[in-house]
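Here is the structure we will look at.
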Amino acid sequence: FDGIYNINGNFELQTTNEEKFIISFLKLFFENLEDKGSQKFAFSKLIDAFDNSSSNFTGIVKKNNNFLTSNNISVSNDENKIYIKGEYNYYKNVINMVLDLSQNKEIYLTAFIEGDLIEPNVNFDKNSKFFQNIGSNESNIIEESILKFLNNFLDIDD
Numbered sequence: 010f011d012g013i014y015n016i017n018g019n020f021e022l023q024t025t026n027e028e029k030f031i032i033s034f035l036k037l038f039f040e041n042l043e044d045k046g047s048q049k050f051a052f053s054k055l056i057d058a059f060d061n062s063s064s065n066f067t068g069i070v071k072k073n074n075n076f077l078t079s080n081n082i083s084v085s086n087d088e089n090k091i092y093i094k095g096e097y098n099y100y101k102n103v104i105n106m107v108l109d110l111s112q113n114k115e116i117y118l119t120a121f122i123e124g125d126l127i128e129p130n131v132n133f134d135k136n137s138k139f140f141q142n143i144g145s146n147e148s149n150i151i152e153e154s155i156l157k158f159l160n161n162f163l164d165i166d167d
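Residue numbering for the sequence shown follows my numbering, beginning at 10 and increasing consecutively.
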């Protein structure tokens with residue numbers, strides 16, 4: 010049924026003990042990396058969105074033929090918010106999305122997810138505030154760590 014659909018609900022991510030361990034490890038890693046005195050944003054706080062607490066899921070999705078599109082879906086959890094925009098072709102199982110991770114009402118990190126839904130390409134905007142807040146030498150290590158975490162979390166092979 011083609012049309013426009015309002016979304017308004019809550020969801021909770023169910024994580025295994027292994028995933029909880031990885032999340033805790035990453036949170037500790039970023040907490041130690043962050044300079045609490047000078048950074049307005051903390052990636053460790055965004056990781057909290059992956060714990061077992063409930064999140065609000067709101068927005069509008071448009072269905073047209075084989076495409077689901079949206080420019081204004083948001084997932085919120087405490088002071089964290091993720092804005093989702095893009096499209097999904099469910100006939101070809103292809104996704105093209107932009108995720109803006111927000112903290113304290115400011116966009117902190119932007120991720121681009123493209124390609125096959127089973128094995129998408131995930132890239133990060135190097136101009137995001139997250140990468141501006143850390144040294145350039147650390148950004149590649151951190152990006153690789155984030156990608157490894159996402160690949161393990163989404164069960165994607167390298």
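Built from N, CA and C at the ideal position, the CB exists for glycine as well.
Item to complete: Determine the direct distance from the alpha carbon of I116 to that of T76, and round the result to whole angstroms.
Response: Taking the sequence shown and counting its residues from 1, one reaches residue 76 at position 67. Taking the sequence shown and counting its residues from 1, one reaches residue 116 at position 107. The amino acid at residue 76 is misidentified as Thr; the sequence shows Phe. One C-alpha to the other measures close to 27 Å.
Fill in: Unbroken alpha helix (DSSP H) run spanning F139, endpoints
Within the sequence shown, numbered from 1, the residue matching residue 139 stands at position 130. Start and end: 138-141.
Fill in: Span separating the alpha-carbon of K90 from that of L118
Walking along the sequence shown from the start, residue 90 turns up at place 81. Walking along the sequence shown from the start, residue 118 turns up at place 109. Between K90 and L118, the C-alpha separation is close to 11 Å.
Fill in: C-alpha distance - S47 paired with V84, whole-angstrom precision
Residue numbering aside, residue 47 sits at position 38 when the sequence shown is read from its first letter. Residue numbering aside, residue 84 sits at position 75 when the sequence shown is read from its first letter. Unreliable positioning characterises S47 in this predicted model, as indicated by a pLDDT of 48, which lies under 50. A coordinate reading is not provided.
Discussion item. Quick check on F10: buried or exposed, where buried means 16 or more other Cβ atoms within 10 Å of its Cβ?
Written reply: Start at 1 with the first residue of the sequence shown, and residue 10 comes out as number 1. That one is exposed.
Item to complete: Express the C-alpha separation of G12 and I69 in angstroms, rounding to a whole number.
Response: Translated into positions along the sequence shown, residue 69 becomes position 60. Translated into positions along the sequence shown, residue 12 becomes position 3. C-alpha separation (whole angstroms): 10 Å.
Practice prompt. Give me the Cα-Cα distance between D134 and K101, rounded to the nearest whole angstrom.
Written response: If you number the sequence shown from 1, residue 134 lands on position 125. If you number the sequence shown from 1, residue 101 lands on position 92. When rounded, the distance between both Cα atoms is 26 Å.
Discussion item. Would K94 and V103 qualify as a contact pair, given that the criterion is a beta-carbon distance under 8 Å?
Written reply: Working through the sequence shown from its first residue, we reach residue 94 at position 85. Working through the sequence shown from its first residue, we reach residue 103 at position 94. Their beta carbons are not under 8 Å apart, which means K94 does not touch V103 by this criterion.
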